[in-house]
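K.L.:
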Amino acid sequence: MSTNQALEATPNRLKDGSVSFWGALAISFGNMAPAASVLFLPQAMAQYTGTAVPLAFVFAMIASFFTAVSILHFTRRYASAGAAYTFNSMAFHKVFGFLSGWMLSLAYGLALPSNLLVFGYFAQGFIAQAFGINVDWMIFSFFALIAVTVLVIRGIRASARTDLVLIILETSVIVLLSIIIIAKGGAAGNTLAVFLPGESPQSFIGIIFGMLYGVGAFAGFEASATVSEETKDRFRTIPAVIFTTLVLGGILYVLVSYAISIGYGLNHGKELASATLPMSTLATRFVGKWMALLVDFAGMTSALGVSLASANASVRVIYSMGRDGVLPSWFSAVHHKYFTPHHAAIVLSVLSALLLLCLGLVASPYPMGFSYLVAAADVLGLTLYVSVNLAWMRMWWKDEQHYKMSWLIGVIPSLLGVIVMGIPLLTTIYPIPAWPLNLVLYLTFIYIAIGIVLGFVTKKRDSNRLEHVDQALSVKEM
7 MSTNQALEAT PNRLKDGSVS FWGALAISFG NMAPAASVLF LPQAMAQYTG
57 TAVPLAFVFA MIASFFTAVS ILHFTRRYAS AGAAYTFNSM AFHKVFGFLS
107 GWMLSLAYGL ALPSNLLVFG YFAQGFIAQA FGINVDWMIF SFFALIAVTV
157 LVIRGIRASA RTDLVLIILE TSVIVLLSII IIAKGGAAGN TLAVFLPGES
207 PQSFIGIIFG MLYGVGAFAG FEASATVSEE TKDRFRTIPA VIFTTLVLGG
257 ILYVLVSYAI SIGYGLNHGK ELASATLPMS TLATRFVGKW MALLVDFAGM
307 TSALGVSLAS ANASVRVIYS MGRDGVLPSW FSAVHHKYFT PHHAAIVLSV
357 LSALLLLCLG LVASPYPMGF SYLVAAADVL GLTLYVSVNL AWMRMWWKDE
407 QHYKMSWLIG VIPSLLGVIV MGIPLLTTIY PIPAWPLNLV LYLTFIYIAI
457 GIVLGFVTKK RDSNRLEHVD QALSVKEM
């Protein structure tokens, strides 16, 4: 294989070779938010699965691998800070490529303020319980925003190391509690019955609906693609990172959800489904209040880790669009010392601060404020997952030799990915949710419409401008 350095002539380059396997893993794993997922998702899934949540997570991991296959095909051959923005640009009309970047930057970008809301909420509760001091959540959120911004500007290596530490802290607490619950036999002993569809009140159909919720726990697994230009041995490292993220995440989710299910006990699915924070409840029940405090601390660190990882991903998409000329070139500037997209980072932080202020005036940070931002990010993210699967199928079809792979490998997994990601997307937008989530949905549609208009206006004003949106480092197969 030979490497085509398509971006070597670009003056504003990110620092090549500054990200290792572990650094890239921290970005993907941090965006996936494992601790937050097991804190907030099992109770939602239990509405359909009962105590068979672990089985739904097994199916969710398999379903996520379908979309991962498409992304793995791309990342084995192309590297770009734009990730899905670049991949879709290569496969489809350049306007759709622009729209993909427009959507992706916000999908990652919204994870910053939404998780800062969660961080502030948990931090306020943690400090109040541990020290008896009441500090407004917004103070914690804004201090965290400043810290994230500094780390993003200081460099991806510093950010990745911080994310890795936060991931180790949060997962250690959650895994420790899970092991204690399993060692004590839960409410009525260890059992494999939680892996049977019969534990779901709706049998296999309930497992499928739970799986669709569970897929959300894996969202963000592909985020390391945004640092591929900065990664050592990128065409091997990034695919390995994405695969490892899904496997480790799946093992963690199955382990923790098993502990939660047996902790509540068979035939107690309704109790689990109605729980606010089941891990905190089980921590108090099986260990003590001090463990519940540690679980809250894990929630804090998870939210902070997602904020940092998603901020790094978002600014690189914005940087990539600025470098390609479809956004103002000001966004493509990199710091003279740290080689990071500092202009993009500053803008993202300012917009996040405005969102924090606005939501702080009209809603509680959690669950209301958090759910508003997540609802918008879900629509954008699921749409992009569907589009990337379609993009790979089109790339496979366009290549004369179909990348030397059969349709069983090149098409079927991607087609299944379209279906798996398309179903929750449809259920998210139809039927239209009640107020105020319907307003969030309408605003998301307006944002997408603005992106479409901007794409066509850009094309009309300068027909050559959009021709640069698929720049990428690429591997040419011999």
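First residue of the sequence shown? That's 7 in the working numbering, and the numbers climb one at a time after it. The beta-carbon is built from N, C-alpha and C at its ideal position, and this holds for glycine as well.
(1) Near residue 116, what residues of its chain come up, given a Cβ to Cβ distance below 7 Å and the 5 sequence neighbours on each side ignored?
(2) What does a CB cutoff of less than 6 Å around residue 39 pick up in its chain, not counting 5 residues either side in sequence?
(3) Is it right to say residue 268 is buried, meaning 16 or more other beta carbons lie within 10 angstroms of its own, or is it exposed?
(4) Going along the chain, which unbroken runs of the alpha helix (DSSP H) with 4 or more residues stay wholly within the stretch 173-251?
(5) Taking the alpha helix (DSSP H) that residue 99 belongs to, which residues open and close that run?
(6) Do residue 319 and residue 37 have their beta-carbon atoms positioned less than 8 Å apart in this structure?
(7) Starting from residue 277, follow the alpha helix (DSSP H) in both directions and report where the run begins and ends.
(8) For residue 87, which of helix, strand or coil comes out of DSSP?
(9) Is the closest heavy atom of the ligand ADP to the C-beta of residue 443 under 7 Å?
(10) What does the alpha-carbon distance come out to for the pair residue 67 and residue 250?
(11) The alpha helix (DSSP H) spanning residue 146 covers which residue range?
(12) Could you spell out where the alpha helix (DSSP H) holding residue 71 opens and where it closes?
(13) Assess contact between the stretch 424-433 and the stretch 445-461, defined as three or more Cβ pairs (one per stretch) separated by less than 8 Å. Is contact present?
(14) Can you give me the C-alpha to C-alpha distance between residue 13 and residue 95, rounded to a whole angstrom?
(15) Assess contact between the stretch 327-337 and the stretch 141-158, defined as three or more Cβ pairs (one per stretch) separated by less than 8 Å. Is contact present?
(16) Could you tell me which whole alpha helix (DSSP H) segments of length 4 or greater appear in the stretch 92-140?
(17) In chain order, what residues of the same chain have a beta carbon less than 8 Å from the beta carbon of residue 194, not counting five sequence neighbours either side?
(18) Inspect the beta-carbon positions of residue 236 and residue 162 and report whether they are closer than 8 Å.
(19) So for residue 417, helix, strand or coil by DSSP?
(20) Considering only the alpha carbon of each residue, which of 245, 361, 22 lies closest to residue 121?
(21) Closest to residue 450 by C-alpha separation, out of 462, 464, 434, 90, would be which residue?
(22) Buried or exposed, going by whether 16 or more other CB atoms sit within 10 Å of the CB of residue 467?
(23) Report yes or no: do the stretch 296-310 and the stretch 51-65 share at least 3 C-beta pairs separated by less than 8 Å?
(24) Apart from the five residues just before and just after residue 146, which ones in its own chain have a Cβ nearer than 6 Å to its Cβ?
(25) According to DSSP, is residue 283 helix, strand or coil?
(26) Could you give the DSSP three-state label for residue 319: helix, strand or coil?
(27) Near residue 369, what residues of its chain come up, given a Cβ to Cβ distance below 6 Å and the 5 sequence neighbours on each side ignored?
(28) Taking a contact to mean a Cβ-Cβ separation below 8 Å, would you say residue 409 touches residue 402 in this structure?
(29) For residue 367, count neighbouring C-beta atoms within 10 Å of its own C-beta (all shown protein chains included) and say buried if the count is 16 or more, exposed if not.
(30) State yes or no: is the C-beta of residue 41 within less than 8 Å of the C-beta of residue 180?
(31) Would residue 118 and residue 358 qualify as a contact pair, given that the criterion is a beta-carbon distance under 8 Å?
(32) Classify residue 100: buried if its beta carbon has 16 or more other beta carbons within 10 angstroms, exposed otherwise.
(33) Write down every uninterrupted run of the alpha helix (DSSP H) in the stretch 398-455 whose length is 4 residues or greater and which is fully enclosed by it, in chain order.
(34) Pull up the distance between the alpha-carbon of residue 7 and that of residue 481, whole angstroms please.
(35) Can we say the stretch 344-353 touches the stretch 254-267, given the rule of at least three CB pairs closer than 8 Å?
(36) With C-beta atoms as the reference, is residue 317 less than 8 Å away from residue 158?
P.N.:
Quick answer:
(1) By one-based count along the sequence shown, residue 116 stands at place 110. Same-chain partners within the cutoff: 379, 382, 383.
(2) Numbered from 1 along the sequence shown, position 33 holds the residue referred to as residue 39. The residues are 308, 312.
(3) By one-based count along the sequence shown, residue 268 stands at place 262. It is buried - the Cβ of residue 268 has at least 16 other Cβ atoms within 10 Å.
(4) Counting only runs of 4 or more residues that sit fully inside the stretch 173-251, the alpha helix (DSSP H) segments are 209-224, in chain order.
(5) The residue labelled residue 99 in the question sits at position 93 within the sequence shown. Where residue 99 is concerned, there is no enclosing alpha helix (DSSP H), given that its DSSP letter is neither H nor E.
(6) In the sequence shown, residue 37 corresponds to position 31, counting from 1. In the sequence shown, residue 319 corresponds to position 313, counting from 1. Against a cut-off of 8 Å, the Cβ pair of residue 319 and residue 37 comes out as a contact.
(7) Taking the first residue of the sequence shown as position 1, residue 277 is located at position 271. Run containing residue 277: 275-279, per the alpha helix (DSSP H) assignment.
(8) Numbered from 1 along the sequence shown, position 81 holds the residue referred to as residue 87. It is coil, neither helix nor strand.
(9) Although the ligand ADP was asked about, the structure shown includes no ligands whatsoever.
(10) By 1-based counting over the sequence shown, the position of residue 67 is 61. By 1-based counting over the sequence shown, the position of residue 250 is 244. In a straight line, the C-alpha of residue 67 is about 12 Å away from that of residue 250.
(11) Locating residue 146 in the sequence shown gives position 140, counting from the first residue. Where residue 146 is concerned, the enclosing alpha helix (DSSP H) stretches over 143-160.
(12) Here residue 71 refers to the residue found at position 65 when the sequence shown is read from its first residue. Note, residue 71: alpha helix (DSSP H), 59-81.
(13) no
(14) Locating residue 13 in the sequence shown gives position 7, where the first residue counts as 1. Locating residue 95 in the sequence shown gives position 89, where the first residue counts as 1. Note that residue 13 scores a pLDDT of 46, beneath 50, so its modelled location is shaky; the value from the coordinates is reported in the next line. Those two C-alpha atoms are separated by around 16 Å.
(15) Counting C-beta pairs closer than 8 Å gives fewer than three between the stretch 327-337 and the stretch 141-158, which falls short of the contact rule.
(16) 100-137
(17) Along the sequence shown, read from residue 1 onward, the residue named residue 194 stands at position 188. Excluding sequence neighbours, residue 194 sits near 268, 271, 272.
(18) Position 230 of the sequence shown, counting from 1, holds the residue named residue 236. Position 156 of the sequence shown, counting from 1, holds the residue named residue 162. The answer is yes: Cβ separation under 8 Å.
(19) To locate residue 417, count along the sequence shown from 1; it is residue 411. In the structure shown, residue 417 sits in coil (DSSP, three-state: anything other than H, G, I, E or B).
(20) As a first step, residue 121 must be located in the sequence shown, where it is residue number 115. The shortest Cα separation from residue 121 among 245, 361, 22 belongs to 361.
(21) Position 444 of the sequence shown holds residue 450. Selected option, being the one with the closest Cα: 434.
(22) What you label residue 467 is simply residue 461 of the sequence shown in a count that begins at 1. Classification for residue 467: exposed.
(23) With a cut-off of 8 Å, the stretch 51-65 and the stretch 296-310 do not count as touching, because too few Cβ pairs lie within range.
(24) Taking the sequence shown and counting its residues from 1, the one referred to as residue 146 is at position 140. Cβ within range, chain order: 126, 129.
(25) Counted from its first residue, the sequence shown places residue 283 at position 277. Three-state DSSP puts residue 283 in coil, outside helix and strand.
(26) Translated into the one-based positions of the sequence shown, residue 319 becomes position 313. The answer is helix: DSSP assigns residue 319 an H, G or I state.
(27) Stepping through the sequence shown from its first residue, residue 369 is reached at position 363. So the list reads 375, once near-sequence residues are dropped.
(28) Residue numbering aside, residue 409 sits at position 403 when the sequence shown is read from its first letter. Residue numbering aside, residue 402 sits at position 396 when the sequence shown is read from its first letter. Contact flag set, yes.
(29) Counting from one through the sequence shown, the residue named residue 367 turns up at place 361. Label assigned to residue 367: exposed.
(30) Residue mapping note: residue 41 aligns to position 35 of the sequence shown, counting from 1. Residue mapping note: residue 180 aligns to position 174 of the sequence shown, counting from 1. Yes, the Cβ-Cβ distance between residue 41 and residue 180 is below 8 Å.
(31) Counting from one through the sequence shown, the residue named residue 118 turns up at place 112. Counting from one through the sequence shown, the residue named residue 358 turns up at place 352. Contact check for residue 118 against residue 358 passes: the beta carbons are separated by less than 8 Å.
(32) Counting from one through the sequence shown, the residue named residue 100 turns up at place 94. That one is buried.
(33) 413-416, 418-435
(34) In the sequence shown, counting from the first residue as 1, residue 7 sits at position 1. In the sequence shown, counting from the first residue as 1, residue 481 sits at position 475. Summary for residue 7: the model assigns pLDDT 42, below 50, so the residue's position carries little reliability; its value from the coordinates is reported in the next sentence. Whole-angstrom Cα-Cα distance: 7 Å.
(35) As far as the Cβ criterion goes, the stretch 344-353 does not touch the stretch 254-267, which means the pair count is below three.
(36) On the sequence shown, residue 317 is found 311 positions in, with the first residue counted as 1. On the sequence shown, residue 158 is found 152 positions in, with the first residue counted as 1. Yes; because the gap between Cβ atoms is below 8 Å, this pair is in contact.
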